[in-house]
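Residue numbers (my numbering), protein chains in the order written: chain A, 1 to 372; chain B, 1 to 372.
Number of protein chains: 2
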Amino acid sequence: MKEFIPRGTRFVNLPSRFPIRGDGFLHGARIAYETFGQPNTRRDNVVLILTGLSADAHAASQPNDPSPGWWEAMVGPGKPIDTDRWYVICINSLGSCKGSTGPASIDPGTGDPYRLTFPELAIDDIADAAAHTVRALGVKRLACVIGTSMGGMTALALLTRHPELARTHISISAAVHALPFAIAVRSLQREAIISDPQWNDGRYDETTYPRRGMITARKLGMMTYRSAQEWDTRFGRNRIAEGQRTDQKHFDLQFDVEGYLESHAQRFVHNFDPNSYLYLSRCIDHFDLATSCGTTTEVALAAMQLEKALVIGVKTDILFPLHQQRRIAEGLGGANTDVQFLPLESPQGHDAFLVDIDSFGPPIAKFLSADW
Amino acid sequence: MKEFIPRGTRFVNLPSRFPIRGDGFLHGARIAYETFGQPNTRRDNVVLILTGLSADAHAASQPNDPSPGWWEAMVGPGKPIDTDRWYVICINSLGSCKGSTGPASIDPGTGDPYRLTFPELAIDDIADAAAHTVRALGVKRLACVIGTSMGGMTALALLTRHPELARTHISISAAVHALPFAIAVRSLQREAIISDPQWNDGRYDETTYPRRGMITARKLGMMTYRSAQEWDTRFGRNRIAEGQRTDQKHFDLQFDVEGYLESHAQRFVHNFDPNSYLYLSRCIDHFDLATSCGTTTEVALAAMQLEKALVIGVKTDILFPLHQQRRIAEGLGGANTDVQFLPLESPQGHDAFLVDIDSFGPPIAKFLSADW
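Right under this line is the structure:
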């Protein structure tokens, strides 16, 4: 499989026997990251960003890669996560395919890609790899850990397993564990991929890539990343113009919403490794902060040694519904932490943090610009 | 394809040249129906039930088929739709595979199944076929038309196209047209079916049935027929016991919610014709009461000559959201119709009318038991 590594990516090697919680060790693994802004001499101005399932480390444009990043409007000089003040590190999750070691990487033990021999990964492992990376970059204590979606789960795992590593936390559209609707969505996404004959038990290559399965998985994702309310306004019952319809023999795509999903899915496939998608998707289902800590959710959250936290959720999110962010905020508030819970009205659902910068930007800017 | 006809089914032949609105004529077509209770001499005690996409005409047990029907708790002696008073006719939609003519039926012109040569069907055609059936049974005027889900759309079409045919209406979890989220769900369901190599452009048989595609389509359906809220309570993060997991080589089903979807889907496949599913699914997307009537939704609704109507919706319905039922109620109320709008709190989402009889039964019973 080709890899999908942004050009500004740098790497930190993990220890040569890196323990995978449920399943042995990884040898010769690495973590891909990018940085934005400059560290101060004490390295106490460091903000870590942990991402959702499909994001790479290229959060924003930077000198080594001037192309726009996935959070371009949020990260940069004078932006809400202000790189004039903060040294921002964005990490590509262990198990991904955007530079960090994952199922598409070469297993040094065999010289072949891991594919399904990659160990069963947990969010805890992703968090441990992120913590190692931060320390390898000379950072003893992060000013803030920001986690979005799956990255919010990774952040909770990191804060639990490495409680000394961060002073503050911004949790965005995250959860302490997945609930059945979200599990069902991801189960169906995985099923679409593994049912595609081209998946071939994970032994595809570029010419036999399980394209149909990945398209279905991505469309199903888009349906849960956005909201019905947004689509009512945006698409209504508008039709694709006759000449612009995908040439499908039967039951062709006729409505604008169908065309939108198709074009998004077309852009996504061939830009993500299907096995990596399967591993990370499963990780999210399995993560449970309480189980991870061997205690209750409330005890785990209350034990986090944070100075302050901002927890943001969106009322139209059907994948990580708002009551899950409320639970994080209430749990963190149980400790000596100054917690702000911010439920937003954004119509864009789970993905709102990527697009509704007008709503997300100011509270994040305010949190980070306070005197601390 | 085998057909799936309940044993108590009876048939009405459609006129030998039955016009299909968008696409020519059907020859030798028939409509399957069942009846419950007895007609009075004037046949003015007749209640018609129009069903959702996948239902057959066997709404309840009856002498010719004592097995429980899909609305067993609702239809029968002393039940909310009381067959001691009402003569109830339930019709299997034109285009379905439960006895009425559809893509799996034999085309008398060729002696082979229609498959994809079946004409492009509209909800209006299903309504016309239902109206013909009712008249063929000697009914001049229905006491009430009840429509659920797609059947609610069919009812609106029937009331518009045959305004003299019904005195009253009960509309359940219906809409004047589909909105983008629901269109996207059905588009993905169709895509799952037509992407299954065994679908083979509609030319499967019993041994090559597109099983995987139908399973995915059904699971996706179940996800939108129920609600996240119900599943949180019902399944939480419970796991399937080790010994009871489906034997899947990789990424097996581990959570109760996954097992629930799988067992529902397994029961559904091989009990519905995939081509029929595709045709009816598309019908729902295309239906638009306003377009159908060449006017606005509000004018079309206000023009219906009903004495009274009951419009029920469910707050947790994500497929036909509650604001769509409110719109129907407000529109019908624009005429001289006594309209009651009933938003229910049922946690079971779109499917609540099938299972939450405690909430749906009493208002339906009250509506039908009034002195009229």
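For every residue, glycine included, the Cβ atom is placed at its ideal position computed from N, Cα and C.
Bear in mind that the values here come from a model prediction, so they are computed numbers and not experimental data.
CB contact check: P343(A) to chain B, cutoff 7 Å | Not one chain B Cβ lies under 7 Å of P343(A).
- Could you spell out where the alpha helix (DSSP H) holding C97(A) opens and where it closes? Run containing C97(A): none; DSSP gives neither H nor E here.
Q | Chain-ordered residues of the region 66-92 of chain B with a beta carbon less than 9 Å from chain A | A | For the region 66-92 of chain B, which is checked against every Cβ of chain A, not one residue is closer than 9 Å.
Q: Please classify G152(A): is it buried, with 16 or more other beta-carbons within 10 angstroms of its beta-carbon, or exposed?
A: It is buried - the Cβ of G152(A) has at least 16 other Cβ atoms within 10 Å.
Answer with buried or exposed for M1(B), where buried requires no fewer than 16 other C-beta atoms within 10 angstroms of its C-beta. With a pLDDT of 48 at M1(B), under the threshold of 50, the predicted position of this residue should be treated as unreliable, and no value is reported.
Run of the alpha helix (DSSP H) containing N275(B), from where it starts to where it stops: It spans P274 to H286 - the alpha helix (DSSP H) in which N275(B) sits, taken as one unbroken run.
- [ ] Would you mind sorting V16(A) into buried or exposed? The rule is 16 or more other CB atoms within 10 Å of its CB.
- [x] Note that residue 16(A) corresponds to Ser in the displayed sequence, not to Val. Classified as exposed, S16(A) has fewer than 16 neighbouring CB atoms from the shown chains inside 10 Å of its CB.
Legend entry - Contact with chain A by F268(B), beta-carbon distance below 7 Å: Output row for F268(B): interface = no.
Less than 7 Å between CB atoms is the rule here; does A228(B) satisfy it with respect to chain A? Yes, A228(B) counts as interfacial toward chain A.
#### Entry: Contact with chain A by W231(B), beta-carbon distance below 7 Å
At least one C-beta of chain A is nearer than 7 Å to the C-beta of W231(B).
(message) Judging by CA-CA distance, which residue of L301(A), S292(A) and D44(A) is the nearest neighbour of A309(A)?
(response) Here the closest residue by C-alpha is L301(A).
Between which two residues does the alpha helix (DSSP H) holding G259(B) run?
Under the DSSP assignment, G259(B) falls in the alpha helix (DSSP H) whose first and last residues are D256 to F268.
- Item | Beta-bridge partners of T35(A), as assigned by DSSP | DSSP links T35(A) through a beta bridge to I89(A).
- Task: Buried or exposed for K140(A), please, with buried defined as at least 16 other CB atoms from any protein chain shown within 10 angstroms of its CB.
- Result: Around the CB of K140(A), fewer than 16 other CB atoms lie within 10 Å, so the residue is classed as exposed.
How about M304(A): is its C-beta nearer than 7 Å to some C-beta of chain B?
-> So no, M304(A) is outside the interface.
So for M1(A), helix, strand or coil by DSSP? For M1(A), the predicted model reports a pLDDT of 48, less than 50, meaning its position is unreliable; a value from the coordinates is still stated below. Collapsing the DSSP output to three states places M1(A) in coil.
Fill in: Three-state class that DSSP yields for R42(A) in the structure shown
In this structure, R42(A) counts as coil in the three-state DSSP scheme.
Meets three-Cβ-pair contact criterion under 8 Å: the region 310-324 of chain B and the region 344-355 of chain B
Verdict: yes, contact present.
Quick check on H250(A): does DSSP put it in helix, strand or coil?
Note: H250(A) maps to coil in three-state DSSP.
Practice task
Output, in sequence order along the chain, the residues in the region 191-216 of chain B whose CB is closer than 9 Å to any CB in chain A.
Solution key: Residues are counted here when their Cβ sits less than 9 Å from a Cβ of chain A; for the region 191-216 of chain B these are E191, A192, I193, I194, S195, D196, P197, D201, G202, R212, G213, I215 and T216, given in chain order.
Is the Cβ-Cβ distance between D232(B) and L179(A) less than 7 Å? Their beta carbons are under 7 Å apart, which means D232(B) touches L179(A) by this criterion.
Cβ-based burial, A370(B) [other Cβ within 10 Å; buried from 16]: A370(B) should be labelled exposed.
ask   = Which residues of chain A have a Cβ atom closer than 8 Å to the Cβ of M223(B), listed in chain order?
value = Chain-ordered, the chain A residues with CB closer than 8 Å to the CB of M223(B) read F181, A184, V185 and L188.
Verify whether the separation of the beta carbon atoms of Q198(B) and A217(B) is less than 7 Å.
For Q198(B) and A217(B), no; Cβs fall outside 7 Å.
With three or more C-beta pairs closer than 8 Å as the rule, is the region 157-165 of chain A touching the region 275-292 of chain A?
Cβ pair count under 8 Å is three or more, so yes.
> Does DSSP put H350(B) in a helix, a strand or coil?
Replying inline: In the three-state DSSP reduction, H350(B) falls in the helix class (H, G or I).
Output the distance between the C-alpha atoms of I123(B) and L94(B), rounded to the nearest integer angstrom. Their backbone Cα atoms lie some 9 Å apart in a straight line.
Q. Leaving out five residues before and five after R7(A) in sequence, what residues of the same chain have Cβ atoms less than 7 Å from its Cβ?
A. When the five nearest sequence neighbours on each side are left out, the beta carbons in the same chain lying within less than 7 Å of the beta carbon of R7(A) are those of N64 and D65, in order along the chain.
Cβ of P39(A) versus every heavy atom of the ligand SAM: is any distance shorter than 6 Å? Looking at this structure, you won't find the ligand SAM or any other ligand, since it has none at all.
- [ ] Please name the residues in the region 124-149 of chain B whose beta-carbon is closer than 7 Å to at least one beta-carbon of chain A, in chain order.
- [x] Against chain A - using a Cβ distance shorter than 7 Å - the region 124-149 of chain B contributes no residues.
*Simplified DSSP state of E121(A), which is helix, strand or coil*: Residue identity differs from the one stated: residue 121(A) is Leu in this sequence, not Glu. Looking at L121(A) - three-state DSSP - the assignment turns out to be coil, as it is neither helix nor strand.
*Around the Cβ of A131(A), are there at least 16 other Cβ atoms within 10 angstroms (buried) or fewer (exposed)?*
By the 10 Å Cβ count, A131(A) comes out buried.
Margin query: Against chain B, with Cβ distances strictly below 7 Å, would E258(A) count as a contact?
Written below: Interface residue, yes.
**Asked** Per DSSP, which one or two residues make a beta bridge with H177(B)?
**Response** Residue pairing for H177(B): DSSP places it in a beta bridge opposite D288(B).
| query | Residues in its own chain within less than 7 Å of Y114(A) by CB, not counting five upstream and five downstream? | reply | P103, S105 and D107, listed in sequence order.
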